[in-house]
Amino acid sequence: MERVGIVAWPRSEDFAPLMLVINAKEKHRVVRSLGDVAEALVAAWPTGDGKEYIAAIRTCLDAIQGNVPAKLARAAFIRAAEEAGIPVIAVIN
């Protein structure tokens with residue numbers, strides 16, 4: 004994990020990619036990093052509430068700051084997607 008300032012950016016191998024179908028306009032969204040998770044949660048999420056959604060935001064921030072592993076943020080993101088009814092497909096590299 005590379006630390007830049009207060010942000011610890013995981014390498015791509017630290018985050019197994021996911022594909023989501025968020026809305027009808029966007030056929031799919033591939034999420035490959037914590038930055039992609041943050042962007043999806045803030046800019047593309049269909050709802051701004053929910054217990055798992057809030058937990059995913061917090062866990063993503065903790066992972067970006069290097070306080071928890073990226074895999075915990077990935078798992079929280081998947082739970083938030085399930086809560087919102089967003090299909091998630093694991094992408095195999």
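Taken in order, the sequence shown gives residues 4 to 96; the numbers are from the working numbering. Ideal Cβ placement from N, Cα and C applies to all residues, glycine included. For clarity, every value in this text was computed on a predicted model and none was experimentally measured.
Spatial neighbours of residue i within its chain, please: CB distance less than 7 Å, with the 5 preceding and 5 following residues excluded, ordered by chain position.
{"i": "I89", "result": "L23, V24 and I25"}
{"i": "A76", "result": "L37, V40, T62, C63 and A66"}
Considering residue i, what are the terminal residues of the beta strand (DSSP E) in which it resides?
{"i": "V34", "result": "R32 to V34"}
{"i": "L37", "result": "Where L37 is concerned, there is no enclosing beta strand (DSSP E), although the alpha helix (DSSP H) it sits in stretches over L37 to E42."}
{"i": "A47", "result": "Careful: A47 lies outside any beta strand (DSSP E) and carries neither H nor E."}
Beta-carbon within less than 8 Å of residue i's beta-carbon, same chain only, minus the 5 sequence neighbours each way: which residues are those?
{"i": "T50", "result": "Y56 and A87"}
In chain order, what residues of the same chain have a beta carbon less than 6 Å from the beta carbon of residue i, not counting five sequence neighbours either side?
{"i": "S36", "result": "F18"}
{"i": "V71", "result": "D65"}
Using CA coordinates, which residue listed in the options is at the minimum distance from residue i?
{"i": "Q68", "options": "E85, D52, G38 and P20", "result": "G38"}
{"i": "A79", "options": "I95, A47 and G53", "result": "G53"}
Classify residue i as buried or exposed, calling it buried when 16 or more other Cβ atoms lie within 10 Å of its own Cβ.
{"i": "I92", "result": "exposed"}
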